[in-house]
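As given, the protein sequences belong to chains D and X, one line each in that order. Counting in this note's numbering, the final residue of the first sequence is number 783, and the numbers go up one at a time with none missing. Counting in this note's numbering, the final residue of the second sequence is number 783, and the numbers go up one at a time with none missing. Beta carbons are placed, not taken as given, at the ideal position from N, Cα and C, and that holds for glycine.
2 protein chains.
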Amino acid sequence: MDKGTLLTFRPQIKVIDATLRDGGLVNNFYFEDDFVKKLYDTNIQAGVDYMEFGYKASKEIFDKSKFGKWKFCDEQDIRDIVGNNDTDLKISVMADVGRTDVDKDILPKDESVIDMVRVASYVNTIPAAIDMVEHCAKKGYETTVNIMAISHSNDSDIKQVLELIGQSPADGIYIVDSYGSLYPEQIRRLSDIYLEVATKYNKYVGIHAHNNQQLAFANTIDAVASGVNYLDATINSLGRGAGNCPLELLLGFLKNPKYKLHPVLKFIEEEMLKLKENGLVWGYDIPYLITGVLDRHPSGAIDCIKKKRTDYANIYQELMGLE
Amino acid sequence: MDKGTLLTFRPQIKVIDATLRDGGLVNNFYFEDDFVKKLYDTNIQAGVDYMEFGYKASKEIFDKSKFGKWKFCDEQDIRDIVGNNDTDLKISVMADVGRTDVDKDILPKDESVIDMVRVASYVNTIPAAIDMVEHCAKKGYETTVNIMAISHSNDSDIKQVLELIGQSPADGIYIVDSYGSLYPEQIRRLSDIYLEVATKYNKYVGIHAHNNQQLAFANTIDAVASGVNYLDATINSLGRGAGNCPLELLLGFLKNPKYKLHPVLKFIEEEMLKLKENGLVWGYDIPYLITGVLDRHPSGAIDCIKKKRTDYANIYQELMGLE
């Protein structure tokens, strides 16, 4: 496999901007249209390969009045931003197992500007995820299965579900470090396991990292060195809890000259600083370190941040006691 | 060489708290005695191996009235904190080539509570560094040579100076990523180069990382996996510019049960938050990303942060033009 070096690049590498989708978990998907349009333009200028607009959540499960539109990603809402999207930037949406009605909510590809549907699943719901993937693939979409929370699964279960996904029509398989608990050497080991199956079935491998231990960027570029090609990032790390791999660091690292850092820096100064000033809180902080070290869901840390708790030593004892 | 795994530990690994020394570069070494005493107690409770108090700067070169006392680390000032230091925590100080008068300012070891003198040097001043090391070793100290700014040196120069240091009485040799520009795969390559020479001469290798690209922790633990044993960190990353490897992340990673995270979290909530509230500014920010990506000295970024500039796209163009 072509793994490249620090001074070369693999054209197979694709960058996925997940700012709206993972960021939507911070602000319930209430982004201004101007913000979204500017983000779209920024991604085009920066050479980003995919922009994920949000979730395709079922309106029968979620109350539409309680979320911004990017929780649902209606076709018309995306088109209001991108028109027919006559650009090289592809558009993706995420569908959670059990929370998306693919029959009803996913149009045939030739009626949609969406290019890719990524199905997010825990290990134990992979058969349901594969059902959704088959459905979306039949409708004409590029698809991936994003296996979440793998730090809580053992290798033999992971290998089993990789084989299942291998035999499905999914185009790609994602390593997802939901708890931001994985260290680079674990990511390299997992990359090897995923790539072995993916190569056999002619699929690509992607990574979605979280920054609880300031490792989202490091884990992403270590996965690149192992041969992982689809790289999730968000501008300024915007995303649930400690956030994600910062797009600006990733573009600074990648050597393909089509990637441009300048437009992303411009977007940060013009848009992201405003979000912070307006009180949106995200990114690395001590409570996330604690859930990361303990390999726990970040919800306990998110709760502490909301309450502005800074009694870190107590938080550590409390969260440790929750096993 | 024993490299250990994620679930074992090497007793040879030593953690050096450089909070006062690198942090002193942020506040001109003006730390309250209470802060320093509490940091000393915290390090003892946390199982940290060395605490670096500051520099042994020459008072003939630096005006004593313009810096806090930890720029000079007078014997009595250290003793006022640690008494005779009847603990397992060792005490280190740093001596810059050309800025320390080792003849005058370094006492014989049996008159001092200092255990280790670390000599910081660029590649081109290594012969002067070795002079200082010989002097300090003769006086009875553990010594290291910390080779700074190696991202601007080529491998053959680095190998030459490693050979020189190898033949000196230095106990350890440090990889220093002064500009926070090195990626994990470069750190692994450099670790191998350093360790080859160090092993030949029976010395240890250390790492001092900077966080310009959120890689200080990742680079440190990747160096550990390669066999590097002396690990610099600072509480809450306190240090020049983007700061250093956070001690709290490092202790969370290391598996030796003597290391305790709890006292460090307590110190952060009780002391570090106050420093921030009182206006001290340090840590990862976009201008440091820019100097890191560009492999430049952080001074340009520090200047932008001081001026509270957020025109990141312009800053990028300006700093790129400075080659």
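Terminal residues of the beta strand (DSSP E) in which residue i lies
{"i": "R578(X)", "result": "576-581"}
{"i": "K474(D)", "result": "474-477"}
Residue i, buried or exposed, once every other Cβ within 10 Å from all chains shown has been counted against 16
{"i": "T502(X)", "result": "buried"}
{"i": "T465(D)", "result": "exposed"}
{"i": "Q627(D)", "result": "exposed"}
{"i": "K599(D)", "result": "buried"}
{"i": "R539(X)", "result": "exposed"}
{"i": "L709(X)", "result": "buried"}
{"i": "Q620(D)", "result": "exposed"}
{"i": "L467(D)", "result": "exposed"}
{"i": "I521(D)", "result": "exposed"}
{"i": "K497(D)", "result": "exposed"}
{"i": "N488(X)", "result": "exposed"}
{"i": "V557(D)", "result": "buried"}
{"i": "E731(D)", "result": "buried"}
{"i": "N679(X)", "result": "buried"}
{"i": "K516(D)", "result": "buried"}
{"i": "G743(X)", "result": "buried"}
{"i": "S641(D)", "result": "buried"}
{"i": "P568(X)", "result": "exposed"}
Residue nearest to residue i in terms of C-alpha spacing, selected from the options
{"i": "F495(D)", "options": "C596(D), V688(D), I541(D), E520(D)", "result": "I541(D)"}
{"i": "V665(D)", "options": "T694(D), C533(D), I625(D)", "result": "I625(D)"}
{"i": "D692(X)", "options": "F469(X), P471(X), I476(X), T468(X)", "result": "I476(X)"}
{"i": "L622(D)", "options": "G483(D), A555(D), N662(D)", "result": "N662(D)"}
{"i": "I618(X)", "options": "L650(X), Q646(X), E645(X)", "result": "L650(X)"}
{"i": "C705(X)", "options": "I681(X), G507(X), K526(X), I775(X)", "result": "I681(X)"}
{"i": "D493(X)", "options": "G528(X), V508(X), D755(X)", "result": "G528(X)"}
{"i": "D745(D)", "options": "R769(D), L735(D), N738(D)", "result": "R769(D)"}
{"i": "G699(D)", "options": "S525(D), N672(D), G687(D)", "result": "N672(D)"}
{"i": "W530(X)", "options": "V741(X), Y490(X), K726(X), L655(X)", "result": "Y490(X)"}
{"i": "I473(X)", "options": "V688(X), R481(X), S638(X), E594(X)", "result": "V688(X)"}
{"i": "I590(D)", "options": "L675(D), I750(D), V605(D), S518(D)", "result": "V605(D)"}
{"i": "G781(D)", "options": "I695(D), T751(D), V508(D), K767(D)", "result": "T751(D)"}
{"i": "F469(D)", "options": "H612(D), G514(D), F713(D), N545(D)", "result": "F713(D)"}
{"i": "D637(D)", "options": "Y510(D), E656(D), Y719(D), R756(D)", "result": "R756(D)"}
{"i": "A685(X)", "options": "P644(X), G703(X), V657(X), G507(X)", "result": "P644(X)"}
{"i": "F532(D)", "options": "I566(D), D763(D), V508(D), N584(D)", "result": "I566(D)"}
{"i": "K564(X)", "options": "D548(X), P629(X), E535(X)", "result": "E535(X)"}
{"i": "G632(D)", "options": "H612(D), L711(D), L779(D), K660(D)", "result": "K660(D)"}
Beta-bridge pairing of residue i - partner residues as DSSP gives them
{"i": "N606(X)", "result": "A580(X), Y634(X)"}
{"i": "T694(D)", "result": "P706(D)"}
{"i": "H670(D)", "result": "N704(D)"}
Boundaries of the alpha helix (DSSP H) in which residue i is found, first to last residue
{"i": "M732(X)", "result": "Segment: none, M732(X) is in no alpha helix (DSSP H) and carries neither H nor E."}
{"i": "V553(X)", "result": "From DSSP, V553(X) is part of no alpha helix (DSSP H) but of the beta strand (DSSP E) over 550-556."}
{"i": "D745(X)", "result": "First-last for D745(X): undefined, no H or E at that position."}
{"i": "L624(X)", "result": "615-626"}
{"i": "H595(X)", "result": "586-598"}
{"i": "V573(D)", "result": "Neither: V573(D) is in no alpha helix (DSSP H) and is coded neither H nor E."}
{"i": "V562(D)", "result": "562-565"}
For residue i, three-class secondary structure by DSSP
{"i": "Y772(D)", "result": "helix"}
{"i": "V657(X)", "result": "helix"}
{"i": "V665(D)", "result": "strand"}
{"i": "D534(X)", "result": "coil"}
{"i": "G514(D)", "result": "strand"}
{"i": "F489(D)", "result": "coil"}
{"i": "Y639(X)", "result": "coil"}
{"i": "S611(D)", "result": "helix"}
{"i": "T680(X)", "result": "helix"}
{"i": "E645(D)", "result": "helix"}
{"i": "R470(X)", "result": "coil"}
{"i": "G760(X)", "result": "helix"}
{"i": "T502(X)", "result": "helix"}
{"i": "G781(D)", "result": "coil"}
{"i": "V688(X)", "result": "coil"}
{"i": "F527(D)", "result": "coil"}
{"i": "F713(D)", "result": "helix"}
{"i": "L721(X)", "result": "coil"}
{"i": "I521(X)", "result": "coil"}
{"i": "K786(D)", "result": "The requested residue 786(D) does not occur in the structure, where chain D is confined to residues 461 to 783."}
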